[in-house]
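When the letters of the sequence shown are read in order and numbered with our numbering, they come out as residues 21 to 263. From the three backbone atoms N, C-alpha and C, an ideal C-beta is built for every residue, glycine too. Remarks on the structure that follows.
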Amino acid sequence: MDTLQHIQDLVRHSSDPARAHKAQYFKTGPGHYAEHDRFLGVPNPVLRQIAKTSKILPLPVIEELLKSPYNEERLLALFFLVNSYTKASETERTELYHFYLAHTGQINNWNLVDASAHLIVGHYLYAKEKESLIILARSSSLWERRIAIVATWYFIRKGDLQWTFLLSEVLLTDTHDLIHKAVGWMLREAGKRDQQKLRAFLQERAHCMPRTMLSYALEKFSPEEQRAFRKLKLSSNTKGTHE
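This is the structure:
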């Protein structure tokens with residue numbers, strides 16, 4: 021069985037201080053969302069290879085790895101968790117789903133959420149009641165709100181767009197740019213499946229969507245349609261300044 025120390029040794033042997041220094045795109049400065057996150061500079065493919073070639077870790081070891089101050093070690097813990105979930109029975113998947121939601125405090129950066137939420141939360145809830153996503157979307161935790169919308173990526177891949185649009189509505193007035201980006205991203209993915217449904221959603225809501233959210237959602241539209249939707253946003257802003 022691979023021990024925690026052995027796994028950490030594998031990660032730190034692959035660390036690159038120069039690469040770690042470039043992690044400022046995670047906004048690690050004072051007051052930013054990743055202020056306390058630390059980086060070793062290990063590329064994602066290396067972490068995935070470690071998870072792929074190592075034995076499945078027991079939950080207590082994954083839990084310890086999730087407590088690491090290093091982003092890459094927490095990401096590796098989630099790769100192990102996803103691997104365990106993929107191979108688990110339905111009963112075991114229920115346990116892993118609840119384990120995931122019990123540890124959202126450690127799933128505390130956008131790369132951690134985006135590598136795991138759809139594969140565990142999305143997969144687990146696909147054929148079940150999904151009201152827990154509403155609770156997550158209304159959480160005071162930035163990361164739980166992002167987990168909620170990114171979880172719908174699994175539904176989108178299955179052709180079910182309902183919950184992406186529903187949660188986008190819930191998160192429409194969210195003030196954090198990481199939610200704006202995540203919602204816009206999921207809307208764009210939904211549009212790849214059914215652009216007409218996305219078009220209808222945007223026709224009703226583009227005027228009140230945050231600029232970044234709208235920009236992400238529009239990426240696959242023609243330049244002409246992008247301009248038309250941005251005019252809706254612009255006209256709404258202009259109207260608001262004169263009221």
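#1: In this structure, what does DSSP give as the bridge partners for Arg68?
#2: Give the secondary structure of Arg58 by DSSP, where H, G and I count as helix, E and B as strand, and everything else as coil.
#3: Taking only runs of the alpha helix (DSSP H) that begin and end inside the segment 71 to 114, which ones reach a length of at least 4 residues, in chain order?
#4: Reducing DSSP to helix, strand and coil, say where Tyr146 ends up.
#5: Look at Leu132 and Val31 and say whether their C-beta atoms are less than 9 Å apart.
#6: Give me the Cβ distance between Met206 and Val170, rounded to the nearest whole Å; I'm assuming they're in contact under 8 Å.
#7: Would you identify the three-state DSSP class for Asn131, choosing helix, strand or coil?
#8: Measuring CB to CB, does Leu67 end up less than 9 Å from His123?
#9: What separation, rounded to the nearest whole angstrom, lies between the Cα atoms of Lys201 and Phe99?
#10: Looking only at C-alpha atoms, which of Leu101, Arg208, Leu181 sits nearest to Ala71?
#11: Need the endpoints of the alpha helix (DSSP H) that Asp29 sits in, please.
#12: Distance, Cα to Cα, Val176 vs Ala147?
#13: Just to confirm, is the Cβ distance from Phe119 to Leu79 under 9 Å?
#14: How many Å lie between Glu245 and Leu121 at the Cα?
#15: Indicate whether Ser242 and Phe221 have their beta-carbon atoms separated by less than 9 Å.
#16: Taking the alpha carbon of Asn103 as the point to measure from, which residue in Ser160, Gln28, Arg213, Leu139 has its own alpha carbon closest?
#17: So, is Gly125 buried or exposed, given that buried needs 16 or more other C-beta atoms within 10 angstroms?
Taking the geometry as given:
#1: The partner list for Arg68 (beta bridge, DSSP) is empty, contrary to what the question assumes.
#2: Secondary structure of Arg58 (DSSP, three-state): strand.
#3: For the segment 71 to 114, whole alpha helix (DSSP H) runs of length 4 or above, ordered along the chain, are 79 to 86, 91 to 107.
#4: Assigned with DSSP and collapsed to three states, Tyr146 falls in coil, not helix or strand.
#5: No, Cβ-Cβ distance for Leu132 and Val31 is not below 9 Å.
#6: Met206 to Val170, Cβ: 7 Å. Contact.
#7: Reduced to three states, the DSSP call for Asn131 is helix.
#8: Against a cut-off of 9 Å, the Cβ pair of His123 and Leu67 comes out as no contact.
#9: A straight-line Cα-Cα distance of about 23 Å links Lys201 and Phe99.
#10: Here the closest residue by C-alpha is Leu101.
#11: Element bounds for Asp29: 24 to 33.
#12: Looking at the sequence itself, residue 176 is Ile, so the reference to Val does not match. Roughly 13 Å between the two C-alpha positions.
#13: With a cutoff of 9 Å on beta-carbon distance, Phe119 and Leu79 are scored as near each other.
#14: Spanning the two alpha carbons is a distance of roughly 39 Å.
#15: With contacts defined as CB atoms closer than 9 Å, Ser242 and Phe221 fail to qualify as a contacting pair.
#16: Nearest neighbour of Asn103 by Cα position, chosen from Ser160, Gln28, Arg213, Leu139, turns out to be Leu139.
#17: When all chains shown are included, Gly125 counts as exposed.
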